[in-house]
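*Asks:* Okay, handing you the structure first.
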Amino acid sequence: MIYLKTEEEIELIRQSAVLVCDTIAEVATMLHSGINGLALDKRAEEFIRDHQGVPAFKGFHGFPASLCISKNEEVVHGIPNDQPFKSGDVVSIDCGVLKNGFYGDSAYTFAIGEIPDEVRQLLKVTLESLYLGIEQARAGNRIGDISYAIQEHTEGKYHYGVVRELVGHGIGRQLHEPPEVPNYGKRGRGLILKEGLVIAIEPMINLGTRRVKQLKDGWTMATQDKKISAHFEHTLVVRKEKGECLSDHKSIEKSMKNNTELTIIA
Ligand code: MG
Ligand code: MG
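Residue 6 is where the sequence shown starts when you use the numbering used here, and the numbers rise one by one after that.
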């Protein structure tokens with residue numbers, strides 16, 4: 006069942022999505038070599054609860070933490086652990102919040118210290134593909150138009166691996182609602198987009214093969230060739246001209262500018 010949201014509901018989703026981004030921004034200020042994921046996760050949970058939210062991922066199908074932290078060859082669903090980050094690590098932080106009955110979901114991939122040019126380009130192009138997808142989220146288009154825009158930019162132009170097993174999704178009163186929003190597909194195919202449809206678009210793009218595997222912890226998805234993967238996500242609503250972001254990466258980008266150890270990729 007596809008639910009179109011009222012403007013009141015969209016505002017509540019926006020509040021949740023902004024809290025998600027403010028939480029990622031908060032932990033981005035702490036993201037230095039030497040700190041570990043558990044410390045970030047602890048701070049994230051405090052921050053969310055201090056702002057009257059509930060961490061959406063904690064307990065979701067049994068996931069043990071408030072953040073998914075996926076490092077280097079890990080694609081998504083990494084469990085925060087006590088391993089210190091080090092210079093050169095590529096760290097994807099995915100967060101979800103439930104507040105006032107509605108979910109928000111967003112993710113950002115950071116680079117600590119110096120990274121090779123090819124990795125910097127992967128991050129930049131993945132982020133670009135997210136916004137190209139959002140441009141296609143307009144009423145009258147189809148899901149496939151979003152999917153195609155992302156695949157064409159990343160796989161078509163740069164020959165990166167577009168993960169098939171994991172996709173974006175509708176969001177609202179549930180963290181994951183229909184429809185699925187794949188990062189690969191054909192123009193003009195799939196569900197027709199209507200104003201008020203709220204979705205999360207989240208390209209997961211690999212430097213090498215698109216093939217992924219699940220690690221022994223039962224959660225973490227990682228690239229089969231152990232090459233770097235990038236992941237960015239926005240919650241947005243379909244509008245007449247293009248998608249309107251409900252999550253907002255500005256607070257995250259501000260934290261990055263203030264944390265000189267993080268490489269600015271946008
Ligand atoms: Mg997410
Ligand atoms: Mg999501």
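Idealized CB from N, CA, C, for every residue including glycine.
If you're wondering where the values come from, they're calculated on a predicted model, not measured in any experiment.
With a threshold of 7 Å on Cβ separation, who are the neighbours of D153 within its own chain once the five nearest residues in sequence on each side are excluded?
*Replies:* Locating residue 153 in the sequence shown gives position 148, where the first residue counts as 1. The displayed chain sequence assigns Tyr, not Asp, to residue 153. The residues are G190, K191 and R192.
*Asks:* My output table needs one value for S152: the three-state DSSP class, helix, strand or coil.
*Replies:* Numbered from its first residue, the sequence shown carries residue 152 at position 147. Helix.
*Asks:* Quick one: complete beta strand (DSSP E) runs, 3+ long, within the segment 158-216?
*Replies:* 173-175, 182-186, 203-206 and 209-211
*Asks:* Within 10 angstroms of its Cβ, does E97 collect 16 or more other Cβ (buried), or is it exposed?
*Replies:* The residue given as residue 97 occupies position 92 in the sequence shown. Note on identity: in this sequence residue 97 is Ser, with Glu being the wrong assignment. It counts as buried.
*Asks:* Report all residues from its chain with a CB closer than 7 Å to the CB of G213; omit the five preceding and five following residues, and keep chain order.
*Replies:* Mapped onto the sequence shown, residue 213 falls at position 208. Here the set comprises G166, T228, D230 and K232.
*Asks:* What residue range is occupied by the uninterrupted alpha helix (DSSP H) comprising D99?
*Replies:* As a working note, residue 99 is residue 94 in the sequence shown. That residue, D99, is in no alpha helix (DSSP H); its beta strand (DSSP E) goes V95 to K104.
*Asks:* Just confirm the distance between the C-beta atoms of L9 and N264, as a whole number of angstroms; I'd bet it's less than 8 Å.
*Replies:* Along the sequence shown, read from residue 1 onward, the residue named residue 9 stands at position 4. Along the sequence shown, read from residue 1 onward, the residue named residue 264 stands at position 259. Between the beta-carbon of L9 and that of N264 there is about 39 Å, and that puts the pair past the 8 Å contact cut.
*Asks:* Are the segment 114-122 and the segment 171-190 touching, with three or more C-beta to C-beta distances below 8 Å?
*Replies:* no
*Asks:* Between I40, V243 and E207, which has its C-alpha nearest L128's C-alpha?
*Replies:* One-based indexing of the sequence shown puts residue 128 at position 123. The residue with the shortest Cα to Cα distance from L128 is E207.
*Asks:* Grab me the residues of L103's own chain with a C-beta within less than 6 Å of its C-beta, minus the 5 sequence neighbours each way, in chain order.
*Replies:* Against the sequence shown, residue 103 aligns to sequence position 98. The residues are V59 and A61.
*Asks:* In or out: T11 buried (at least 16 other Cβ within 10 Å) or exposed?
*Replies:* Taking the sequence shown and counting its residues from 1, the one referred to as residue 11 is at position 6. With fewer than 16 other Cβ atoms within 10 Å, it is exposed.
*Asks:* In terms of alpha-carbon separation, which member of D99, V203, H174 and G106 lies closest to H254?
*Replies:* If you number the sequence shown from 1, residue 254 lands on position 249. Of the candidates D99, V203, H174 and G106, the residue whose Cα lies closest to the Cα of H254 is D99.
*Asks:* With a threshold of 7 Å (Cβ to nearest heavy atom), would G138 be considered close to ligand 1?
*Replies:* As a position in the sequence shown, residue 138 is number 133, starting the count at 1. No; taking the cut-off as 7 Å, the Cβ of G138 has no heavy atom of ligand 1 nearer than that.
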